[in-house]
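Going by numbering that gives the first Met the number 0, the final residue of the sequence shown carries number 338, and the count climbs one at a time with no gaps. Single-structure report; data block below.
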Amino acid sequence: MQFAGSHILSVDQFERADIERVFEVADRMEPYAQRRRITRVLEGAILGNMFFEPSTRTRVSFGCAFNLLGGDVRETTGIESSSLSKGESLYDTARVISGYSDIIAMRHPAAGSVAEFAAASRVPVVNGGDGPNEHPTQALLDLYTIRKEVEHSGRSVDGLRIAMIGDLRHGRTVHSLSKLLACFRNVKLTCISPGELRMPGEILEFLRSAGHSVTETDNLEEAIGHVDIAYATRIQEERFSSPEEANRYRGRYRLNQSIYTRYCEPNTVIMHPLPRDSRAEANELDTDLNENPNLAIFRQTDNGVLVRMALFALVLDVVNLLAKHEVPVTWYTGKRFHD
Ligand code: NCD
Numbered sequence: 000m001q002f003a004g005s006h007i008l009s010v011d012q013f014e015r016a017d018i019e020r021v022f023e024v025a026d027r028m029e030p031y032a033q034r035r036r037i038t039r040v041l042e043g044a045i046l047g048n049m050f051f052e053p054s055t056r057t058r059v060s061f062g063c064a065f066n067l068l069g070g071d072v073r074e075t076t077g078i079e080s081s082s083l084s085k086g087e088s089l090y091d092t093a094r095v096i097s098g099y100s101d102i103i104a105m106r107h108p109a110a111g112s113v114a115e116f117a118a119a120s121r122v123p124v125v126n127g128g129d130g131p132n133e134h135p136t137q138a139l140l141d142l143y144t145i146r147k148e149v150e151h152s153g154r155s156v157d158g159l160r161i162a163m164i165g166d167l168r169h170g171r172t173v174h175s176l177s178k179l180l181a182c183f184r185n186v187k188l189t190c191i192s193p194g195e196l197r198m199p200g201e202i203l204e205f206l207r208s209a210g211h212s213v214t215e216t217d218n219l220e221e222a223i224g225h226v227d228i229a230y231a232t233r234i235q236e237e238r239f240s241s242p243e244e245a246n247r248y249r250g251r252y253r254l255n256q257s258i259y260t261r262y263c264e265p266n267t268v269i270m271h272p273l274p275r276d277s278r279a280e281a282n283e284l285d286t287d288l289n290e291n292p293n294l295a296i297f298r299q300t301d302n303g304v305l306v307r308m309a310l311f312a313l314v315l316d317v318v319n320l321l322a323k324h325e326v327p328v329t330w331y332t333g334k335r336f337h338d
């Protein structure tokens with residue numbers, strides 16, 4: 000894949016070699032993300048960070064990633080505070096914002112909206128989630144995390160056993176991650192969801208036709224016992240026709256320390272794209288797992304910065320210039336990355 004100048008809209012754009020390239024660049028971003036070195040390679044560049052749906056980590060980590068490369072960030076959050084609420088089209092908004100920015104990251108509630116926006120944009124656009132459809136940068140950071148979590152025990156993504164749990168129908172993170180996993184070999188995917196919230200059939204078919212094994216079940220305890228990765232998700236309440244309908248599924252699956260101890264193999268890695276729904280009626284990933292060393296959720300969020308830095312550096316074609324634009328670290332950086 001040609002990264003320089005490209006939109007990043009879907010995991011369908013990536014072959015295995017492209018994923019490896021992103022991960023190799025992400026590894027090189029660690030000293031910058033950990034404030035051991037500073038690069039100003041994107042000094043003068045502007046990221047248009049356009050988030051038309053709620054977001055904390057995706058929006059902020061896109062912004063931090065750009066700042067850590069020396070660039071500036073301009074944000075628009077919420078449809079109601081943008082001219083989309085005055086009836087402006089995505090085409091016009093894209094023409095305008097791409098005149099102000101060097102690259103755009105965008106999230107929007109409608110499937111296909113980010114691609115529509117990108118078609119009118121004069122600069123590269125990165126999809127930060129388009130409705131229930133795709134979330135390619137999350138899938139890349141999830142896969143990057145999976146690879147890091149299992150490599151110290153000599154395993155790789157090939158042959159891995161992965162359970163995805165929860166709202167697999169509406170969850171864009173599991174859609175994108177499943178398709179990305181299809182680039183590897185012999186993955187065994189177990190989809191654990193209520194019957195009404197199953198993974199879309201075309202994604203399962205895609206995995207099967209690429210030679211992977213896929214099983215579906217609604218029984219968490221039975222299925223969770225023989226996996227390397229347990230990837231929990233939130234009921235995507237905003238995608239249901241009413242809160243009452245979403246409530247029917249809330250709390251159906253609750254992964255906690257006692258279930259983990261009882262059913263999981265030792266060292267099963269626990270993941271979640273976050274936010275986890277910590278309200279009592281949901282609680283799909285209990286806080287009593289917080290001290291479990293296999294809980295990788297905050298390693299995922301840290302890795303999100305590395306992967307987004309890598310994508311910016313690749314799309315804006317500055318990977319080979321990072322070191323040339325280094326300046327000294329001048330402030331006390333603490334120990335947060337070294338505990
Ligand atoms: C996810 C999303 O927005 O799709 N969050 C994220 O980007 N990390 C998952 C979710 O909201 O449940």
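By construction, the Cβ of each residue, glycine as well, lies at the ideal position given by its N, Cα and C atoms. Since this is a predicted model, take the numbers as computed values, not measurements.
In this structure, R106 lies near R58, with their beta-carbon atoms less than 9 Å apart. Sequence-distant Cβ neighbours of Y230 in its own chain, meaning closer than 6 Å and more than five residues away, are M163, M270.
Short note on R184: C-beta not closer than 8 Å to any heavy atom of the ligand NCD. Residues R160, S212 of the same chain have their beta carbon placed closer than 6 Å to that of K187, with the five preceding and five following residues left out of the count.
When rounded, the separation of the alpha-carbon atoms in T329 and R34 is 10 Å. Cα atoms of Y99 and A209: separation of roughly 42 Å, rounded to the nearest angstrom.
Taking 8 Å as the upper bound for CB-CB distance, H6 and P108 are not in contact here, some 19 Å apart. Looking at the backbone, the Cα of E221 and that of S81 are separated by about 47 Å. Per DSSP, the unbroken beta strand (DSSP E) holding V124 starts and ends at 124 to 129. Here the alpha carbons of R278 and S112 stand approximately 31 Å from one another.
Residue environment analysis places R247 among the exposed positions, since fewer than 16 neighbouring C-beta atoms fall within 10 angstroms of its C-beta. In this structure, the CA atom of A322 is about 18 Å from the CA atom of V306. One alpha carbon belongs to D287, the other to R154, and they sit about 27 Å apart. In the DSSP annotation of this structure, the continuous segment of the beta strand (DSSP E) that includes T216 starts and ends at 212 to 216.
Here DSSP, grouped into helix, strand and coil, assigns N66 to helix.
Taking a C-beta distance under 9 Å as the contact criterion, V226 and T189 qualify as a contact pair.
In the structure shown, K178 falls within a helical segment according to DSSP collapsed to helix, strand and coil. Not one heavy atom of the ligand NCD lies closer than 8 Å to the C-beta of T144. For H225, the three-state secondary structure derived from DSSP is helix. By the Cβ test, the region 17 to 28 is not in contact with the region 45 to 59, since fewer than three Cβ pairs between them sit closer than 8 Å. The beta carbon of H134 sits closer than 6 Å to the beta carbons of G128, R171, T172, S175 from its chain, once the five residues preceding and following it are set aside; these are given in chain order. Counted as a single uninterrupted DSSP element, the beta strand (DSSP E) harbouring K187 occupies residues 187 to 191. Here V326 is exposed, its C-beta having fewer than 16 other C-beta atoms within 10 Å.
Just measuring C-alpha positions, the residue of G333, Y262, D316, I96 sitting nearest L46 is I96. Beta-carbon to beta-carbon, E148 and A295 are separated by about 5 Å, close enough to satisfy the 8 Å threshold. Placement of the Cβ of H134 at a distance of less than 8 Å from at least one heavy atom of the ligand NCD is found. With contacts defined as CB atoms closer than 9 Å, I18 and L206 fail to qualify as a contacting pair. Taking the Cα positions, G250 is about 6 Å away from E283.
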